[in-house]
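Presented below is the structure to which this report refers.
Number of protein chains: 2
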Amino acid sequence: MAKVVILGAGVMGTALSVPLTDNGHRVHLVGTHLDGDIIAKLQAGYPHPRLGIRVAESVTPCTHEQLSEAIEGADLVVLGVNSHGINWAAQALSPVLSPEIPILAVTKGLAGDGEKLYILPDALRAGLPAEYSQNVQIAAIGGPSIAQELAARRQTCVVFTGTNLALLKQLAELLRRPYYHVWTSTDIIGVEVCVALKNVYALAVGLVIGLLEKEGKAENGADMHNLAAAVFAQGMLETAYLVEQMGGKPQSIYSLPGAGDLYVTCQGGRNSHMGRLLGLGLPYSAAKTQYMPQDTIEGASLALAIGPTIEKMVKRGDLDGAALPLLLSMIAIVCHDQSVNIPWNEFFR
Amino acid sequence: MAKVVILGAGVMGTALSVPLTDNGHRVHLVGTHLDGDIIAKLQAGYPHPRLGIRVAESVTPCTHEQLSEAIEGADLVVLGVNSHGINWAAQALSPVLSPEIPILAVTKGLAGDGEKLYILPDALRAGLPAEYSQNVQIAAIGGPSIAQELAARRQTCVVFTGTNLALLKQLAELLRRPYYHVWTSTDIIGVEVCVALKNVYALAVGLVIGLLEKEGKAENGADMHNLAAAVFAQGMLETAYLVEQMGGKPQSIYSLPGAGDLYVTCQGGRNSHMGRLLGLGLPYSAAKTQYMPQDTIEGASLALAIGPTIEKMVKRGDLDGAALPLLLSMIAIVCHDQSVNIPWNEFFR
């Protein structure tokens, strides 16, 4: 039996308590500064408001003020925050983390500093105290995993990635269940780039929902699946390009982290909702403020986080803009409020 | 202005008359021996019964008895038959085709002779008269293209593939429209393998619709998108393996023919409908006879066409069965009426 701290009581963090407790582990589910209401509800025995399940008895919901106590004797920290929470998490963990406790992150995203792109495990590491940050083992989860389905114990296939294969196998043992199938991959760059980019490309596929709604079905009943599929394919191709540029491996692209995760993210959720609004013709800033002010839209967050860096890298020639027309178009839409204009003629170079 | 013969008046063959006539070409739409009713309707000025559109005035609908007359002076034959029609088409064309008329095929499939797998252009060529079969230029179309959408002039992106790049560019010029975006690729093996396999993997993704319907939504409202996405990803991975084994290129996998065409085929259609029936628990033979007796289900047709060859190649060690658990499982379901049993533990090797 292990003691596991899950930091972040959003849907994905909380869902991971299910396979952990089913395997007999004790879990401290520690909310962030934004999770106060959720933790209060869970402590009072109510279901998680967005996940729709009650946590197991072996889950102790705590507030972030209790992190130091919760982490004592922990064998693992699962990082369940979203991409906006990485810096907060690094700060919260810094005073209390021992370097021998490994971290397993579900956070998806990339960071950019104007010069270069970074995978999130590296961004997290950079936020930890210099005296031990290089010694902390950081692994991550990628693959198609809608939290509500995992929480309901529905078949879910994921990849644990990191540089230490022995650790990955150990973590997989902790979480593997008959409904939670875990593979391991040491291609942390490939996996992380795929699972981050899928959000912005799912936003792009979502545009088609709005375009269709605006235009309506054709007289013969035709929708716009061809268009959605072409955008999907271009997303895969651009993902392949960026994986290669950043030093990842092609296998990650056409398996769970790439194809699988992009597919599942196109089946609905906040990226699709925002995509629809953009496809209907709203500028991003108006759509965000008017319709989704409280929501984290990971595809848009990614465009905002890496947009300026990508644009500079293209300008400097460090990246080939001709290989990234859809990403550049999504950056223009999200970062510069440009209207939707799918750059067909630049696709599939 | 070119003269084009489209052989096969099904939805895809007929839909291709739209970009052709929009470009000012004359089209003879020649029905197969099974298309009598469709041709009669089109000749009488009615819409195509399944495509929901009237053909342009510059389209001359003909019966297959008129093929010899129609093909006189033709610049191109578009082959619009389905995979079951390839032998019929080769026989019909043999007495009337001149070797200088190129063929552009929309037919998707693979053939197997117990020893080896063949792409359909090679199977078609093998059915043409030996004295000129090697001189006929055969190109093919791949990519996400639902016929009804193309017929309604909705944005569609495809790849023309073949070994002669100059011909491909010429064909692309004939068909390209502001709504019909055509790329060219000389990776005919990669494209053809991708677009054939997508049917059987879409059938596999379709299983999940039936599994979900049987099990229902979870208490928290969860569906089964994670499962569908994992099956999708395994399909992509197996496609990559077979493309590589047959000598195709990886680019075809993560662009229009692979990712794009699999994505669009999972959005509905006959493969999905049959997948649902199988997922609900019906044996394939019963599902086919009782519910879809008149329908060509390309995923099942492919399993039947290549199943015995694949099984023999795996047995002989010419293919690695561990790389193809989902395909072998679909072959077992379709060819041997086995029940659905998704082989999780063999995925992602």
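Line by line, the protein sequences are chains A and B. Here the first sequence stands for residues 743 to 1091, where the numbers follow this note's numbering. Here the second sequence stands for residues 743 to 1091, where the numbers follow this note's numbering. Glycine included, every Cβ here is placed at the ideal spot set by N, Cα and C.
{"query": "For chain A, check one thing: does any of its Cβ atoms lie closer than 9 Å to the Cβ of B:Val-933?", "result": "no"}
{"query": "For a contact meaning CB atoms closer than 7 Å, what does B:Tyr-996 contact in chain A?", "result": "Met-978, Leu-979, Ala-982, Ile-995, Tyr-996"}
{"query": "Quick check on A:Ser-927: does DSSP put it in helix, strand or coil?", "result": "strand"}
{"query": "At least one CB of chain A closer than 9 Å to the CB of B:Phe-1090: is that the case?", "result": "yes"}
{"query": "Shorter than 9 Å from the beta carbon of B:Ile-883 to some beta carbon of chain A?", "result": "no"}
{"query": "Does B:Thr-1031 pass the burial test, meaning 16 or more other C-beta atoms within 10 Å, or should it be called exposed?", "result": "exposed"}
{"query": "Express the C-alpha separation of B:Leu-1019 and A:Asn-968 in angstroms, rounding to a whole number.", "result": "25 Å"}
{"query": "May I ask you to verify whether the stretch 961-978 of chain A touches the stretch 857-864 of chain A, counting CB pairs closer than 8 Å and requiring at least 3?", "result": "no"}
{"query": "Per the contact definition of three or more C-beta pairs closer than 8 Å, is the stretch 830-846 of chain B in contact with the stretch 872-889 of chain B?", "result": "yes"}
{"query": "Quick one: does A:Gln-897 have its CB under 9 Å from some CB of chain B?", "result": "yes"}
{"query": "Which same chain residues, not among the five before or five after B:Asp-965, have their C-beta less than 7 Å away from its C-beta?", "result": "Leu-954, Lys-959"}
{"query": "Establish whether the CB of A:Phe-974 and some CB of chain B are separated by less than 9 Å.", "result": "yes"}
{"query": "At 9 Å on the CB atoms, spell out the chain A contacts of B:Gly-963, in chain order.", "result": "Gly-794, Gln-890, Ala-894"}
{"query": "Interface residues of chain A around B:Met-1072 at Cβ under 9 Å?", "result": "Here the premise fails: no neighbours, minimum Cβ distance about 17 Å."}
{"query": "Could you name the residues of chain A that B:Val-1006 contacts, counting a contact when the two beta carbons are closer than 7 Å?", "result": "His-967, Asn-968, Ala-971"}
{"query": "Could you work out which residue in A:Gln-785, A:Val-848, A:Ser-927 is closest to A:Ser-887 when comparing CA atoms only?", "result": "A:Val-848"}
{"query": "Following the continuous beta strand (DSSP E) through A:Thr-898, name the residue where it begins and the one where it ends.", "result": "898-903"}
{"query": "Can you tell me whether B:Ile-995 is helix, strand or coil according to DSSP?", "result": "coil"}
{"query": "Taking Cβ-Cβ distances below 7 Å as the criterion, which residues of the stretch 913-942 of chain B are in contact with chain A?", "result": "His-923, Trp-925"}
{"query": "Quick check on DSSP: helix, strand or coil for B:Lys-850?", "result": "coil"}
{"query": "Using beta carbons (cut-off 9 Å, strictly below), is B:Asn-1087 in contact with chain A?", "result": "yes"}
{"query": "Is the distance from the Cβ of B:Lys-745 to the Cβ of B:Leu-852 below 9 Å?", "result": "no"}
{"query": "Going by DSSP, name the residue or residues bridged to B:Ile-883.", "result": "B:Phe-902"}
{"query": "Return the residue from the list A:Leu-892, A:Thr-926, A:Arg-895, A:Leu-916 that minimises the CA-CA distance to A:Ala-882.", "result": "A:Thr-926"}
{"query": "Please confirm whether A:Gly-884 and A:Thr-898 have their CB atoms less than 9 Å apart.", "result": "no"}
{"query": "Less than 9 Å between CB atoms is the rule here; does B:Asp-1062 satisfy it with respect to chain A?", "result": "no"}
{"query": "Can you pull the DSSP bridge partners for B:Pro-803?", "result": "B:Leu-771"}
{"query": "Under 9 Å, Cβ to Cβ, is there at least one residue of chain A near B:Val-801?", "result": "no"}
{"query": "Using the rule of at least 16 other Cβ atoms within 10 Å of the residue's Cβ for burial, across every protein chain shown, is A:Ser-1081 buried or exposed?", "result": "exposed"}
{"query": "Looking at the strands, I want to know which residues DSSP matches up with A:Lys-745.", "result": "A:Arg-768"}
{"query": "Which same chain residues, not among the five before or five after A:Thr-763, have their C-beta less than 7 Å away from its C-beta?", "result": "Val-769, Ala-798, Ser-800, Val-801"}
{"query": "Please tell me whether, using a cut-off of 8 Å, the distance from the CB of A:Gln-976 to the nearest non-hydrogen atom of the ligand FMN is below it.", "result": "Looking for the ligand FMN in the displayed structure turns up nothing, as the structure carries no ligands at all."}
{"query": "Can a CB atom of chain B be found closer than 9 Å to the CB of A:Ser-887?", "result": "yes"}
{"query": "Say whether the stretch 992-999 of chain B touches the stretch 918-932 of chain B, bearing in mind that this needs 3 or more beta-carbon pairs closer than 8 Å, one atom from each stretch.", "result": "yes"}
{"query": "Could you check what DSSP says for A:Leu-818 in three-state terms: helix, strand or coil?", "result": "strand"}
{"query": "Please report the distance separating the alpha-carbon of B:Val-985 from that of B:Cys-936.", "result": "7 Å"}
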